[in-house]
Structure formats: structure tokens, C-alpha cells
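Asker: Numbering (my numbering), first residue to last: 562 to 1048.
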């Protein structure tokens, strides 16, 4: 296969080889260490039914599921109207990449990661490997290419995500009854291979992906790299399958070597233990870490609690909830990739838009405490415990005025109170005056304190109890940032 030969040639000639030992030479670039807030975009054929979630293509073929019943009631029997029949309905007639770029810039984002291919197998870019893509069908536009052009003009860093590996089994249930998913299926078919679904409790159960399928996966990923030169590649779960590992190492070596050729510094995001630690950047889905980490990491989450794509009944988080989580994550050496779900016509729902603009307004005032910031000696204080791990961020945490997060930037310390609503003062215990004890107290001299976004300097005093700051009564749910100059 010519494409596989090219991949192997790049690996053989480059610095990075397809082994964990070689890939651990990787170091995350400085631009990514400085980037703290990105936008994720789930937009595709699944946006047409707009029901349940972006997993509609799987769930509509599971007999008895909500999606299965909804599909028959709304569109008819699966043998007459299958998932592929949504593609002509995906017209994107109001899609404006420039408007999206302007919105994300106003939201204060630094990087954007559109989904290039989801589990459904429909590519949102111009591909030579499959006819089933947005350039040739549906919108008949190179969605990813157009977005990258506008993002670059707006100064946004461009990334892309691949969820392709799960396509191996994603629509396999359609073979269990009379539907439009029928054998024989061959490479290049939209539904190929629609295998029996993997046991989620045993990712290494049979049937495992074949060499043919994994070579196709590898070629698709490398095609994305070559055609669009994304500075971030995000992978969803299941790449940690043992059968995928050799191909994953090949992809990483290929991507890092190609980036070296271009003089670029790039990032791969992964979940679970798909990569050997240090060979890429770990990501926690809809969750975070309880404590600060010495390594950089990322959270991916969504404005909606129930779905990554647009549905007609999305349940939304508040901008304040998301911003508080952003602050907590950044204080612990992380960054947030926040997802939105545009409608099938290409418009961004008002709910998504309003949340982004509210976050952007906060970042415009408080961004100096976030962008380019680094860890302080203490990342957090306060009573609220963070549940560590994935799928733990749907419900808003009960932060109080005692919950404070710290960052440093440009010679200043920033103490960010996560919830001061109804309060006119806080006490920062981590900044207490040193006493006669042998505790490692903070000995620095505080020269000044200001509240970002407030013209009047607050009144403050320092004692062995802490740094007490008195300000006007806060009426907003958004975090409040105190900028502290220390000698």
C-alpha cells in the first residue's frame, strides 16, 4: 500500500520512531502550556436528527432504545430510512466559518478543535480515502478546511479530533434486524465494517479490529495531518485497545516527524492509558484532577450536560459553573476544551452562544490570571472537595467564598475566589503572615492588592490568620480575581 509505505518512510527517516522509548522524547510545546481555553465542536450528520446525543447513529439501531422508537415514529422503518439517509438533509445552508471564528475569539478561546470524523464515519473534510465526506455529500464543502482558514485569520490555533476507531463496532447492531446495514460490507462503504459491539468492560474482547481496518484508520489520521497540518490531534477513547497500540505509535511518530519537517510544535491529546506517559498530553473527559499536577493536562467538557451535539432538549450548564471549573483546572496545570454543538444548518444555538460570550466577557477582564499562567506553591484552598476522574462535572460544585485558586503570571500572584456572591470580604489563609512555628508559611511582603475589573483598590490587612480583603458586595456568580503584588 503506497500510503503505508510513505508512513513507514517518514518514520524511518525521522527523529521519532514507533516505540514508546522514542516517543517519550516528546515535550509539550510552550504555546500549549500558555493556552488554557479551547473550543471543541461536535457537528455532523448526527446534528440532523438532533435527538438523544451524537451517538444517534449507534443507538437508532439498538432495538427498544429511545432512539430506535423515535426513528421509526419520525422517519420510518430502518430498512427504508437509515442513518445514511440523513446525509442529504445535512445541508449546512447557514454555515459561516467567519462567524464561528468571530464568536470563538469573543469567547476568549485560544485554540479550536472541530471533530473531523466522529464514530459515524462521516468525514467533515475533503478526503481521498472515502466518498462519504462533507466535500462530496451533504454540505458539499470542505468544512474543516474552511474553518482552519478562518481560524488562522482570527489568530486561533487549529486542531482536529478523530473518533474513527470506534466506527469498527459503532453501527453493528444494525445487522441484528432488517435495516439498511447489510452484508456484504467492504472497505470504503459508509457502514463498513459494523462489527459486533465491543464489551465496554473488556476492551480487548473479540472481535478485535483487523489489520485492514487499522491500516485504514492510520491512513485517515495521517491524511488529516498532511492535508490540514493541525497543531493538535485529539483522540477519543478506544485507541487504548491492545490491537490499536502499534498503529497508534506509528501515527504519533509520523505526526511528530512531519511537524519537525514543518518547523511546528504539536500536541496529541489522549484518554486513559492509550499512550505511554510522557509521549503525549493526557485528557480527562468531563472531569478534572483533585490536586495540581507537575505535568500539563486537559479537560474536555461541554456546555450541555446530556449531549456533545445539538439536540432539541439539551440541558445546559451555566457560564459561572463552567468558568469556576476553568479556574480550578488552570490552577492545577490543566486547560479546558469546551464543546459546543451547532445546529444542522450551521448556526450556533443561542444558549451555546450566550454561554461563550459570558465566559469571554469574564476572560477579557480576568485573562491575565489565566492565559500563560503557571502553578504557584499552593494551587487551592477551601472546603469544597473535587471529585477526581471522568464524567464528574455535570452538577455544579457548591463552591464558597473560602474556595480560592491560585496562579502566577508576569511577576504577580492571582488569588481567584470561586464564589463571592453576596460577600464583601474574603480571608486568604495561604497568605497568612509567618509566625514562630516551623510551618512553611509564606514569608513574602505584600505590596499591593487590586480586584480585576474594579477601579477602586480594596482595603486589606494581613495577620497570622491570613490576608483579609474587603471590597464591595459582590452580586455576580462569576469568580472574582485578586491581583497581588509581592516583593
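Glycine is no exception: its CB is placed at the ideal position from the N, C-alpha and C atoms.
Using DSSP with H/G/I as helix, E/B as strand and the rest coil, what is residue 873?
Answerer: Reading the chain shown from its first residue, position 312 is the one you call residue 873. Looking at residue 873 - three-state DSSP - the assignment turns out to be coil, as it is neither helix nor strand.
Asker: Take residue 772 as the anchor and find which of 794, 809 and 744 has the nearest alpha-carbon.
Answerer: As a first step, residue 772 must be located in the chain shown, where it is residue number 211. That would be 809, whose Cα lies nearest to the Cα of residue 772.
Asker: Residue 844 bridges to which residues according to DSSP?
Answerer: For the purposes of this step, residue 844 is taken as the residue at position 283 of the chain shown. Residue 844 pairs with 859.
Asker: Which residues does DSSP list as the beta-bridge partners of residue 1044?
Answerer: Taking the chain shown and counting its residues from 1, one reaches residue 1044 at position 483. Residue 1044 pairs with 975 and 1011.
Asker: Give me whichever residues DSSP pairs with residue 899 in a beta bridge.
Answerer: Locating residue 899 in the chain shown gives position 338, where the first residue counts as 1. Paired residue(s): 600 and 862.
Asker: Please specify which runs of the beta strand (DSSP E), each continuous and at least 3 residues long, are wholly inside the region 570 to 637, giving them in chain order.
Answerer: 598 to 602
Asker: Verify whether the separation of the beta carbon atoms of residue 723 and residue 797 is less than 9 Å.
Answerer: As a first step, residue 723 must be located in the chain shown, where it is residue number 162. As a first step, residue 797 must be located in the chain shown, where it is residue number 236. Contact: yes.
Asker: Could you tell me whether the Cβ atoms of residue 898 and residue 861 are closer together than 9 Å?
Answerer: Locating residue 898 in the chain shown gives position 337, where the first residue counts as 1. Locating residue 861 in the chain shown gives position 300, where the first residue counts as 1. Cβ distance < 9 Å, so residue 898 and residue 861 count as in contact.
Asker: Assess, as a yes-or-no matter, whether the region 889 to 908 is touched by the region 596 to 611 under the definition of 3 or more beta carbon pairs within less than 8 Å.
Answerer: The region 596 to 611 vs the region 889 to 908: in contact.
Asker: Within this structure, are the beta carbons of residue 843 and residue 823 separated by less than 9 Å?
Answerer: For the purposes of this step, residue 843 is taken as the residue at position 282 of the chain shown. For the purposes of this step, residue 823 is taken as the residue at position 262 of the chain shown. Not in contact: residue 843 and residue 823 (Cβ atoms no closer than 9 Å).
Asker: Counting Cβ pairs closer than 8 Å, one from the region 910 to 920 and one from the region 942 to 952, do we hit at least three?
Answerer: no
Asker: So, is residue 832 buried or exposed, given that buried needs 16 or more other C-beta atoms within 10 angstroms?
Answerer: Locating residue 832 in the chain shown gives position 271, where the first residue counts as 1. Its Cβ being crowded by 16 or more others within 10 Å, residue 832 is buried.
Asker: For residue 650, count neighbouring Cβ atoms within 10 angstroms of its own Cβ and tell me buried if that reaches 16, exposed if not.
Answerer: For the purposes of this step, residue 650 is identified with residue 89 of the chain shown, where counting begins at 1. Classification of residue 650: exposed, given that the 10 Å Cβ count is below 16.
Asker: Whose CA, out of 684, 752 and 792, lies closest to the CA of residue 713?
Answerer: On the chain shown, residue 713 is found 152 positions in, with the first residue counted as 1. Closest option to residue 713, Cα to Cα, is 792.
Asker: Within 10 Å of its beta-carbon, does residue 1093 have 16 or more other beta-carbons around it, so buried, or fewer, so exposed?
Answerer: This structure gives no information on residue 1093, because the portion of the chain shown stretches from 562 to 1048.
Asker: Taking just the CA atoms, how far does residue 669 sit from residue 936?
Answerer: As a working mapping, residue 936 is identified with position 375 in the chain shown. As a working mapping, residue 669 is identified with position 108 in the chain shown. Distance between the alpha carbons of residue 936 and residue 669 is about 21 Å.
Asker: What is the rounded straight-line gap between the Cα of residue 1059 and the Cα of residue 874?
Answerer: The chain is shown from 562 up to 1048; residue 1059 falls before or after that span and cannot be answered.
Asker: Considering just the uninterrupted stretch of the alpha helix (DSSP H) at residue 667, what are its terminal residues?
Answerer: Position 106 of the chain shown, counted from the first residue, corresponds to residue 667. Residues 658 to 667.
Asker: Name the two residues that bound the continuous alpha helix (DSSP H) containing residue 810.
Answerer: On the chain shown, position 249 is the one that residue 810 refers to. That run of the alpha helix (DSSP H) goes 806 to 823.
Asker: Based on Cα-Cα distance, which residue from 637, 612, 636 and 639 lies nearest to residue 627?
Answerer: Taking the chain shown and counting its residues from 1, one reaches residue 627 at position 66. Nearest option by C-alpha distance: 612.
Asker: May I have a chain-ordered list of the alpha helix (DSSP H) segments no shorter than 4 residues that lie completely inside the region 665 to 749?
Answerer: 704 to 714
Asker: Could you give the residue range of the alpha helix (DSSP H) that holds residue 884?
Answerer: Indexing the chain shown from 1 puts residue 884 at position 323. First-last of the alpha helix (DSSP H) with residue 884: 880 to 892.
Asker: Determine contact between the region 928 to 945 and the region 973 to 983, defined as no fewer than three beta-carbon pairs at a distance below 8 Å.
Answerer: yes
Asker: Could you pull the start and end residues of the alpha helix (DSSP H) that residue 788 belongs to?
Answerer: Position 227 of the chain shown, counted from the first residue, corresponds to residue 788. Run containing residue 788: 772 to 789, per the alpha helix (DSSP H) assignment.
Asker: Report the partner residues of residue 655 according to the DSSP bridge assignment.
Answerer: Here the question's residue 655 lines up with position 94 in the chain shown. Residue 655 pairs with nothing; no bridge assigned.
Asker: Using alpha carbons as the reference points, say which of 847, 698 and 800 lies closest to residue 769.
Answerer: As a first step, residue 769 must be located in the chain shown, where it is residue number 208. Considering only alpha carbons, the answer is 800.
Asker: Could you round the C-beta distance between residue 609 and residue 656 to whole angstroms and report it? I think they count as a contact, below 8 Å.
Answerer: Numbered from its first residue, the chain shown carries residue 609 at position 48. Numbered from its first residue, the chain shown carries residue 656 at position 95. Not a contact, Cβ separation roughly 13 Å.
Asker: Reducing DSSP to helix, strand and coil, say where residue 935 ends up.
Answerer: Within the chain shown, residue 935 is the residue found at index 374, counting from 1. DSSP places residue 935 in strand when its eight states are reduced to three.
Asker: When burial is assigned at 16 or more other CB atoms within 10 Å of the CB, is residue 754 buried or exposed?
Answerer: Against the chain shown, residue 754 aligns to sequence position 193. Looking at its Cβ environment, which holds 16 or more other Cβ atoms inside 10 Å, residue 754 is buried.
Asker: On a Cα-Cα basis, can you pick out the residue from 614, 635, 594 and 662 that is closest to residue 917?
Answerer: Indexing the chain shown from 1 puts residue 917 at position 356. Nearest of 614, 635, 594 and 662 to residue 917, Cα basis: 662.
Asker: Thinking just about the alpha-carbon of each residue, which of 1009, 1036 and 943 is nearest to the one in residue 1046?
Answerer: The residue you call residue 1046 lines up with position 485 of the chain shown. If we check each option's Cα against that of residue 1046, 1009 comes out closest.
Asker: Rounded to the nearest angstrom, what separates residue 747 and residue 681 at their Cα positions?
Answerer: Within the chain shown, residue 747 is the residue found at index 186, counting from 1. Within the chain shown, residue 681 is the residue found at index 120, counting from 1. Computed Cα separation, rounded: 16 Å.
Asker: Can you find the residues in the same chain that come closer than 7 Å, C-beta to C-beta, to residue 840, ignoring five residues on each side of it along the sequence?
Answerer: By 1-based counting over the chain shown, the position of residue 840 is 279. The answer, listed in chain order, is 581, 584, 585, 587 and 813.
Asker: Check whether the region 955 to 965 touches the region 1007 to 1025, counting contact only when three or more Cβ pairs, one atom from each stretch, lie closer than 8 Å.
Answerer: no
Asker: DSSP on residue 941, reduced to helix/strand/coil?
Answerer: Along the chain shown, one-based indexing puts residue 941 at 380. Reduced to three states, the DSSP call for residue 941 is strand.
Asker: Using DSSP with H/G/I as helix, E/B as strand and the rest coil, what is residue 950?
Answerer: For the purposes of this step, residue 950 is identified with residue 389 of the chain shown, where counting begins at 1. In the structure shown, residue 950 sits in a strand (DSSP, three-state: E or B).
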